[in-house]
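For the working numbering, count along the sequence shown from 1 and bump the result up by 21.
Idealized CB from N, CA, C, for every residue including glycine.
Below: the structure, in structure tokens.
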Amino acid sequence: MAERSLRGTNLSWLSFESDEGVTFSERQMVAYTCDDGHVTELPFSVEAEIPPIWECRCGKDGKLNDGPEPELKATKAPRTHWDMLLERRSIPELEELLEERLALLREKRGEKPRRRRTA
Numbered sequence: 022m023a024e025r026s027l028r029g030t031n032l033s034w035l036s037f038e039s040d041e042g043v044t045f046s047e048r049q050m051v052a053y054t055c056d057d058g059h060v061t062e063l064p065f066s067v068e069a070e071i072p073p074i075w076e077c078r079c080g081k082d083g084k085l086n087d088g089p090e091p092e093l094k095a096t097k098a099p100r101t102h103w104d105m106l107l108e109r110r111s112i113p114e115l116e117e118l119l120e121e122r123l124a125l126l127r128e129k130r131g132e133k134p135r136r137r138r139t140a
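In structure tokens, the structure reads:
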């Protein structure tokens with residue numbers, strides 16, 4: 022019988038504590054606006070440090086209304102495959118490799134070898 026008494030009592034989510042004697046911290050409403058004009062209002066504690074940027078529901082960054090301009094971080098241009106290749110090989114080396122590979126392909130196809138152009 023003892024096992025049956027627990028059935029259906031919602032012990033997993035029901036709390037028997039009350040809000041009596043609990044003091045909530047003071048809140049302030051802070052608004053952010055993104056470039057598309059969406060306004061997001063969030064409650065923050067008065068003691069909390071307010072972030073200058075908040076991600077909007079559209080995915081763009083919203084700026085704090087009536088707040089300081091956020092600091093822009095310096096970003097490096099992304100390295101391309103070509104940039105990384107040039108770190109390992111020079112242009113004359115790449116031209117030589119290209120000619121070798123083209124000669125191999127032409128051999129497989131049965132074409133006559135071409136003379137290399139000189140600049």
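In terms of Cβ geometry, Glu90 and Asp82 do not form a close pair [threshold 9 Å]. Counting C-beta pairs closer than 8 Å gives fewer than three between the stretch 97-108 and the stretch 63-76, which falls short of the contact rule.
For Glu76, the beta-bridge partners assigned by DSSP are Asp82. A distance of 9 Å or more separates the beta carbons of Cys55 and Lys94.
Rounded to the nearest angstrom, the gap between the Cα atoms of Ile71 and Gly42 is 28 Å. Within the model, the alpha-carbon separation for Cys79 versus Glu68 is close to 28 Å.
One alpha carbon belongs to Asp40, the other to Arg48, and they sit about 17 Å apart.
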